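K.L.:
Structure below; questions to follow.
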Amino acid sequence: MKRRRILATVAMLAAGTGLVACSSDEGGSDASNCTNTITKQNVPVVTMWGWYPNTQLVVDNFNKQHDDVQVCWTNVGQGSDEYDKFQTAISAGTGAPDVIMVEADRIPTFQIQGALVDIKQYGFDAVKANYGEGAWKDVSVGDKVYGVPVDGGPVAMIYRKDIFDKYKITPPKTWAEYEQAAQKVKDAGGPLFGDLGANVSALTMALQIQKGASPFTYDPAQPKAIGVKLNDQASKDVLDYWGGLAKKGLVGTQDQFTPEYISGVINGNYATYISAAWAPGYLTGAGVGKGQDTGKFAVAPLPQWDPANPVQVNWGGSAFSVTKQAKKPELAAKVAYGLYADKESLTDGWTNQIIFPLNLTALKDPAFVDLKVAFFNGQQANKEVYLPAAEAYKGVAYAPFGQYYLDAMTKQVSEIIKGSVTGSQAADRLQEDVAKYAKEQGFTVQ
Amino acid sequence: MTSLTEKRAPRTQPETRKIRGKVHLREHLMGWLFVGPFGIVFLAFLIAPLGYALYLSLFQKKLIGGTSFVLFDNYVKAFTDPSFLSGAWFVIRFSLVSIPLQIVIALALALILDSVTTLFARFSRLMIFLPYAIPTVIGAVMWGFLYSRGFGPLTDIFGLFGATAPDFLSSDLIFYGLLNVVTWQWAGYYMIILYAALQGVDPTLYEAARMDGAGRWQIATRIKIPLIAPALILILVFSLIGTLQFFNEPQILRYLAAGTIGSDFTPNMYAYQQAFSLANFNYGSAISFALGGLVFICVYAFLFFTRKRRSFL
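Chains as they are written, first to last, in UniProt numbering: chain A, 1 to 446; chain B, 1 to 313.
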């Protein structure tokens, strides 16, 4: 233990920065610095990291409903920020929370390091029926379960109805039509049609999978072997397609989730936004769709490559996992199963489009199915777009070195944007880069 | 210490030797006592971590197969790793442009403020120094917003002349975007050091120069600058080390432009990514040490080329 702590300290100093100095020990394992207020005293406390916009409410609901355990929540950052802190805590052997919100695609990365607990032994059967088989598959490695699904991210095309009306276009059904529509808007002096963001690698991957790519094949029964296939024709085609759109000036090349991008969305600089079902919640939180913009957005199914054989994909979506550092894993599992699983929290989540729930009690709730979504000006987005997309999603095998792959993808997409490589060349480079990393990490690459 | 022994010198020879021995022992112990606290901190927080990082850098940890001793393999990898090399090349290029620029600005401002003694000069001195008082992180965030084409002032300013604003966060212009942030932040600090050095120069020299017919320009270039040369060398070394370890500004601007500023943008950022995102503490340590080597070489080369005229090293 002591040695590990030294390791963490040393590496920090070696990295030459004081920026991270407060992340390892004080992070979340300490129940004294919760973001929420725990009112019930003398009750065992489980620490949790998460970043749902309504986490405060979810945690309060859970704490109100439970007398035997209380949740202490800390928001240590969104996505990569949280993963970096968790990764450091794993390496240090201390400092991780008991329960952590992770996206399904990161589970193999942490699982392979032995950082997550198989929760099948802690009351799995009682909640098994609450989620579909696909939902469980995404949070499992082999036959072991490493997370409790919360939300999914069926991908669709969000668009500005006012722009579509102005330039007299209908939602494109195929990617070919998408490009034609983009050209039409551009020729008429309209705004950009979409955006190719270098920092949303997981979406780029999903779009490649839609065309038939299967980036990784990994069988946990043979943990040493991994299939890496990032430069097959489908992967190349998708990068070439988006690279082409960017080159022709049909789509922007702005990083997404930045203030710059959000302000662009508010200003109507982008006619479409290819994104997941949870996006409206984040956009609303950032001030999109309010005031003058009210009701300007609508949603349509994701354009297809082959309309005869539509493929639906998923971006993000998350789960609660129990970490190996949890002192009472059973209690932590109870929290993971119960958090964001009560009706009140779920309803708040889906009415505000913060989550696209995977919990069947919400998914089958007629109020959810028929919901007239305010952000989409009363459109029944769930029934028309998201539910069919979620049902058709088949699941993906993720890499046990997700962080490296996504970073490498960001680098290549940025090269495409710069114009220094074509999409195909970028795919080849990505393959070379990631396969080399996999080999360095001791895998046999197939 | 020397003055103590000198004072006691006039005593008779044998006695002196005896006392001197005792005094020496006592001084010896006292010396260690005074150096002690610093020594402990120095060992615990500098030497020990450095040693441990060096130790770490000789190992390799794999997801499959665990940790093994690899001697200098990590270093061989670093110096053939395009990510490290391109990052290193970037900071070297950045140093070559940013350091002369900052020093010239700082020197010019210091010389002006030294020869003007109005209230306005004192006010300017404070204002020029102010950016240094703003934390780097805040400064970087602030510039990130100022550079924004969506809501920053650049669009409006360029719009007045009918031009489109440049995107300082694009890969073509990020060099200049960062150059501006760094110069803004550090030029004032260097100015204060140079200004302080100028204040230490004996004013009678200026008087003498004026009597010999030297103008203001000649006084500045022939007297002031040569006399503050040690301070110039000092800030050059500081800024060289600081720039080669470039981290804060690009790391913060990365939140706004992850595509432009990759995770391997500078060697320090690359070490950070390896250690804290990918859990490759071993390779991260090796990169840090490799960067340390690079800094050492650059600083040594610089001091070597300026050695003749300086007493400093």
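In this text, a Cβ means the ideal position worked out from N, Cα and C, and glycines have one as well.
What you are looking at is a predicted structure, and each value in this text was computed from that prediction instead of being measured.
8 angstroms is my cut-off, CB to CB: does A/C22 come that close to chain B?
P.N.:
Low per-residue confidence applies at A/C22: pLDDT is 37, beneath 50, and the placement is therefore not dependable, though the value from the model is reported in the following sentence. Not closer than 8 angstroms to any Cβ of chain B, the Cβ of A/C22 fails to qualify, so no.
K.L.:
Under 8 angstroms by Cβ, that's how I've got B/A245 and B/N282 pegged, so tell me the actual separation to the nearest angstrom.
P.N.:
Residue 245 of chain B is actually Gln in this sequence, not Ala. Actually they do not touch by this definition, with Cβ atoms about 20 angstroms apart.
K.L.:
Could you name the residues of the region 234-249 of chain B whose beta carbon sits closer than 9 angstroms to any beta carbon of chain A, in the order they occur along the chain?
P.N.:
Taken in chain order, the members of the region 234-249 of chain B whose beta-carbon sits within less than 9 angstroms of a beta-carbon on chain A are Q245, F247 and N248.
K.L.:
Should residue 448 of chain A go down as buried or exposed, given a rule of 16 or more other Cβ atoms within 10 Å for buried?
P.N.:
Any answer about residue 448 of chain A is impossible in this case: the structure gives chain A only from 1 up to 446.
K.L.:
Output the distance between the C-alpha atoms of A/G252 and A/A246, rounded to the nearest integer angstrom.
P.N.:
6 angstroms
K.L.:
Compare the beta carbon distance of A/I100 and A/C72 with 8 angstroms and say whether it is the shorter of the two.
P.N.:
no
K.L.:
Just the C-alpha distance for A/T438 and A/G249, rounded to the nearest angstrom, thanks.
P.N.:
Reading off the sequence, residue 438 of chain A comes out as Ala, not Thr. The straight-line gap from Cα to Cα measures roughly 36 angstroms.
K.L.:
Determine the closest residue to B/C298 out of B/F34, B/S95, B/A53 and B/K61, with distance taken between C-alpha atoms.
P.N.:
B/S95
K.L.:
Using the beta-carbon of each residue, which ones in chain A are nearer than 7 angstroms to B/I64?
P.N.:
Residues of chain A whose Cβ lies closer than 7 angstroms to the Cβ of B/I64 are, in chain order, P223, K224, Q441, G442 and F443.
K.L.:
The alpha helix (DSSP H) spanning B/L66 covers which residue range?
P.N.:
Note that residue 66 of chain B is Gly in the sequence shown here, rather than Leu. Careful: B/G66 lies outside any alpha helix (DSSP H), inside the beta strand (DSSP E) at G66 to F69.
K.L.:
Is B/A165 near B/L173, with beta carbons less than 8 angstroms apart?
P.N.:
It is not a contact, given that the beta carbons lie outside the stated cut-off.
K.L.:
Would you mind working out which of B/F296, B/Y195 and B/S263 sits nearest A/W198, comparing C-alpha positions?
P.N.:
Just to set this straight, residue 198 of chain A is Ala in the shown sequence, not Trp. Of the listed residues, the one whose Cα sits closest to A/A198 is B/S263.
K.L.:
For A/K343, collect the residues of the same chain with a Cβ closer than 7 angstroms to its Cβ; drop the 5 residues on either side in sequence, then sort them by chain order.
P.N.:
Here the set comprises T361.
K.L.:
Please confirm if B/L178 has its CB atom under 8 angstroms from at least one CB of chain A.
P.N.:
no
K.L.:
Look up A/G252 in the DSSP assignment and give the residues it is bridged to.
P.N.:
BP columns for A/G252 point to A/D195.
K.L.:
With DSSP run on the structure shown, which of helix, strand or coil describes B/W186?
P.N.:
helix
K.L.:
I need the DSSP call for A/W350, collapsed to helix, strand or coil.
P.N.:
A/W350 carries a helical assignment under DSSP once its states are collapsed to helix, strand and coil.
K.L.:
Any C-beta of chain A sitting closer than 8 angstroms to the C-beta of B/T80?
P.N.:
Not one chain A Cβ lies under 8 angstroms of B/T80.
K.L.:
Restricting to runs no shorter than 3 residues, where is the beta strand (DSSP E) found entirely within the region 196-276 of chain A?
P.N.:
You should have 216-218, 225-228 and 272-276.
K.L.:
Which runs of the beta strand (DSSP E) fall wholly inside the region 25-109 of chain A and span at least 3 residues, in chain order?
P.N.:
45-49, 70-74 and 99-103
K.L.:
List the DSSP bridge partners of A/V322.
P.N.:
A/V99
K.L.:
Whole angstroms are fine: how far does the CA of A/K224 sit from the CA of A/E440?
P.N.:
12 angstroms
K.L.:
Any beta carbon from chain A within less than 8 angstroms of B/A44's own beta carbon?
P.N.:
Closer than 8 angstroms: no.
K.L.:
Is it right to say residue 327 of chain B is buried, meaning 16 or more other beta carbons lie within 10 angstroms of its own, or is it exposed?
P.N.:
Examination of residue 327 of chain B is not possible in this model, given that chain B is present from 1 through 313 alone.
K.L.:
Whose Cβ in chain A lies nearer than 8 angstroms to the Cβ of B/A257?
P.N.:
Result: D255 and T258.
K.L.:
Would you kindly work out how many angstroms separate the C-alpha atoms of A/G295 and A/N267, rounded to a whole number?
P.N.:
14 angstroms
K.L.:
A/A156 lies in the alpha helix (DSSP H); which residues open and close that run?
P.N.:
Unbroken run through A/A156 is the beta strand (DSSP E), V155 to R160; no alpha helix (DSSP H).
K.L.:
For the beta strand (DSSP E) containing A/V299, list its first residue and its last residue.
P.N.:
F297 to P301
K.L.:
Are the C-beta atoms of A/F86 and some chain B residue less than 8 angstroms apart?
P.N.:
no
K.L.:
Under 8 angstroms by Cβ, that's how I've got B/I233 and B/Y206 pegged, so tell me the actual separation to the nearest angstrom.
P.N.:
Rounded, the Cβ-Cβ distance is 23 angstroms, inconsistent with contact.
K.L.:
Output needed for A/S321: all residues of its chain with C-beta closer than 6 angstroms, excluding positions within five of it in sequence on either side, in chain order.
P.N.:
Excluding positions up to five away in sequence, the list reads I100, V102, L116, Y146 and G147.
K.L.:
Once you ignore the five residues that flank B/W186 on each side, which residues in its own chain have a CB closer than 6 angstroms to its CB?
P.N.:
Close CB contacts of B/W186 within its chain, under the 6 angstroms cut and outside five residues either way in sequence, are with Q102 (chain order).
K.L.:
Just curious, the beta strand (DSSP E) that residue 511 of chain A is in, first and last residue?
P.N.:
The requested residue 511 of chain A is not part of the displayed model; chain A covers only 1 to 446.
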